[in-house]
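When we follow the working numbering, the leftmost residue of the sequence shown carries the number 88, and every step to the right adds one.
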Amino acid sequence: MHIAGINKSTLLDYPGKVAAAVFTGGCNLRCLFCQNSSLVEGLIPEIREADVLSFLEKRKNVLSGVCITGGEPTLQPDLSDFIREIRTLGYAVKIDTNGTKPEVLRKLAEDDLIDYIALDIKTSREKYRELCNVDIDVDKVNESIELLKSGFFPDYEFRTTVVAEYFDRDDAAKVGEWLAGGRRIYLQNFVDTNTSFVGRGVLHGQTREEIEAYAVILRKTIPEVSLRGID
Ligand code: SF4
């Protein structure tokens, strides 16, 4: 495992649990709005897997979940073994993914290694390539969406970071059609920082009112639509 960071205690990364968040290094996308560009580029020194497991062993009476996030965790060849070690310690496991590796997700589900999965939906299908900044195969993301919708995982969420330049009401309607039949989606606002691939001042967040309008549109096809981290 290439582990580039750990948040030792978080209430935000695993719904309903006090969790640790483990950040894997590297990603196959270069989303313009990414908040972790140095982590994606593999520029952050690795943390030893043994040290992470030792920390989790010591904290297992305080924490109840581990969120494996990135970067993109499904690129790690020994991800299953790592999760098995975490599970042996008694933790529930959540994974955050961009959905480009449905075959990895399918295997993780078949091996019953995931308790909760969060799948990023970047924007409507038409804008995916431009926002992800690579020649992404959106059909792969679609395959992952179908895995979630068909109940492959015990629990899940879709989540979208709304960037003004890449998400409007028309995109909300298209995403609603795309995810129709899905259980829940969280909308979070883009926060402009210097750590994105485009630097500060190029992309913009949106008003709460506008994001609430997206929620109304999405509720036509998705039962649970919530705003996350938006004042
Ligand atoms: S936003 Fe996520 S999927 Fe996109 S480049 Fe960053 S880590 Fe990868």
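Every residue gets a Cβ at the ideal spot worked out from N, C-alpha and C, and that includes glycine.
No experiment lies behind these values; they were computed from the predicted model shown.
- Taken in chain order, the complete beta strand (DSSP E) segments of 3 residues or longer contained in the stretch 215-296 are 243-249, 271-276.
- When the five nearest sequence neighbours on each side are left out, the beta carbons in the same chain lying within less than 6 Å of the beta carbon of D100 are those of A106, A108, C154, in order along the chain.
- The residues P189, in chain order, have a CB closer than 7 Å to that of E230 in the same chain once the five nearest residues on each side in sequence are set aside.
- No Cβ-Cβ contact shorter than 8 Å links L130 with G158.
- Around A260, the same chain offers I304 as residues with beta carbons nearer than 6 Å, after the five sequence neighbours per side are excluded.
- Relative to the non-hydrogen atoms of ligand 1, the Cβ of D207 comes within a distance shorter than 7 Å of at least one.
- Under the 8 Å Cβ criterion, the stretch 204-213 does not count as touching the stretch 163-174, having fewer than three qualifying pairs.
- A direct Cα-Cα distance of roughly 9 Å separates S167 from T161.
- Distance between S151 and F169, taken at the CA atoms: about 17 Å.
- Contact annotation: the stretch 234-247 touches the stretch 200-208, with at least three C-beta pairs closer than 8 Å.
- At least one heavy atom of ligand 1 lies less than 7 Å from the C-beta of V127.
- K95 and I232 have their C-alpha atoms roughly 30 Å apart.
- Taking 7 Å as the cut-off, one finds at least one heavy atom of ligand 1 near enough to the beta carbon of E159.
- Between G263 and T294, the gap from beta carbon to beta carbon reaches 8 Å or more.
- Of the heavy atoms belonging to ligand 1, none sits nearer than 7 Å to the Cβ of R216.
- Remark: C-beta atoms of A196 and L140 do not approach each other more closely than 8 Å.
- Residue pairing by DSSP places R315 opposite Q275 in a beta bridge.
- Excluding the 5 residues flanking it on each side, Y215 has same chain C-beta neighbours closer than 8 Å at K209, I223, V225, V228, in chain order.
- Of the other Cβ atoms in all chains shown, 16 or more fall within 10 Å of the Cβ of L192; this residue is therefore buried.
- Restricting attention to E136, E296, A179, Y178, the CA atom closest to the CA of D165 is found in E136.
- Here I93 has A107, A108, V109, F110, I134, V139, F142 as same chain residues with Cβ atoms under 8 Å from its own Cβ, once five neighbours each way along the sequence are excluded.
- Counted as a single uninterrupted DSSP element, the stretch harbouring L143 is not any beta strand (DSSP E) but the alpha helix (DSSP H) occupying residues 136-145.
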